[in-house]
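> The structure follows.
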Amino acid sequence: MREPDRHARLQALLEGLDGTLAVEGSINAGSLLMRYDTARIDRATMEAQVTTAAGKVLRGVPETVRGAPNAVQPPSPGRWKLGSRRAIARRLNTYSKIGMLGSLGASLALAAVGNKHLHAASGGVFTALLAIHMAVHRRHLLK
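Numbering (our numbering), first residue to last: 9 to 151.
Following this line, the structure appears as structure tokens:
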């Protein structure tokens, strides 16, 4: 639940429940941590109240999203479609990072062994993959 208005409404509802000591939330994680007095209210009753409060706030959200693990939200339309430019750039960037890691390890191993030619070649591969990585992130580099 990373929508600020729903997050704030649920936090306010939970703070108003009987026995609640504190409610802390993180919009970035989409989570709420609730502390309550177990001497005043038992666990089953508190869980039922929290479920009811969440149901009020999440009314209108599709059932498939409510039951999704880790508060997964449905993707917005047109975002990272298979074959879109951004999806291709992300995949290319992933492969380039894996290649950079491998070529850097190979370059260091070859330098330790003393094989200058292969060390230089693997360094060239690393540099080419780094150029791909930087091209993908050029917007952020030139700010």
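Note that the Cβ used here is the ideal one computed from N, Cα and C, for glycine as well.
Given the structure is predicted, the values throughout are model-derived calculations rather than measurements.
Is it buried or exposed, methionine 54, if we count other Cβ atoms within 10 angstroms and call 16 or more buried?
The residue you call residue 54 lines up with position 46 of the sequence shown. It is buried - the Cβ of methionine 54 has at least 16 other Cβ atoms within 10 Å.
> How is alanine 79 classed by DSSP in three states: helix, strand or coil?
In the sequence shown, counting from the first residue as 1, residue 79 sits at position 71. The pLDDT assigned to alanine 79 is 49, lower than 50, so where the model puts this residue is not dependable; a value taken from the coordinates is nonetheless given after this. Residue state, collapsed to three classes: helix.
> Rounded to whole angstroms, what's the CA-CA distance from arginine 17 to valine 65? Just pull it up for me.
As a position in the sequence shown, residue 17 is number 9, starting the count at 1. As a position in the sequence shown, residue 65 is number 57, starting the count at 1. Roughly 7 Å between the two C-alpha positions.
> What does the alpha-carbon distance come out to for the pair alanine 120 and leucine 109?
As a first step, residue 120 is located in the sequence shown; it is residue number 112 there, counting from the start. As a first step, residue 109 is located in the sequence shown; it is residue number 101 there, counting from the start. When rounded, the distance between both Cα atoms is 17 Å.
> Per the DSSP calculation, leucine 41 is bridged to which residue(s)?
Translated into positions along the sequence shown, residue 41 becomes position 33. Answer is Glu32, bridged to leucine 41.
> Could you tell me the distance, in whole angstroms, from the CA atom of lysine 124 to the CA atom of glycine 131?
One-based indexing of the sequence shown puts residue 124 at position 116. One-based indexing of the sequence shown puts residue 131 at position 123. For lysine 124 and glycine 131, the distance between alpha carbons rounds to 10 Å.
> May I have the straight-line CA-CA distance separating asparagine 101 from glutamine 19, to the nearest angstrom?
Counting from 1 along the sequence shown, the entry for residue 101 is found at position 93. Counting from 1 along the sequence shown, the entry for residue 19 is found at position 11. Using only the alpha carbons, I get a separation of about 38 Å.
> Look at the Cβ atom of alanine 61, then the Cβ atom of leucine 29, and state whether they are nearer than 8 Å.
What you label residue 61 is simply residue 53 of the sequence shown in a count that begins at 1. What you label residue 29 is simply residue 21 of the sequence shown in a count that begins at 1. No, they are not a contact pair.
> Kindly indicate which residue of Leu126, Glu32 and Met42 has the alpha-carbon position closest to the one of threonine 59.
Walking along the sequence shown from the start, residue 59 turns up at place 51. Ranking Leu126, Glu32 and Met42 by Cα distance to threonine 59 puts Met42 first.
> Please tell me whether serine 104 and valine 133 are closer than 8 Å, where the distance is taken between their beta carbons.
Counting from one through the sequence shown, the residue named residue 104 turns up at place 96. Counting from one through the sequence shown, the residue named residue 133 turns up at place 125. Result no, Cβ atoms of serine 104 and valine 133 do not sit closer than 8 Å.
> Does alanine 120 come out as helix, strand or coil in the three-state DSSP assignment?
Residue numbering aside, residue 120 sits at position 112 when the sequence shown is read from its first letter. Reduced to three states, the DSSP call for alanine 120 is helix.
> I'd like the list of long-range same chain contacts for histidine 145, defined as Cβ closer than 8 Å, with 5 residues on each side in sequence excluded.
The residue given as residue 145 occupies position 137 in the sequence shown. Cβ neighbours of histidine 145 beyond the five flanking positions: Asn101.
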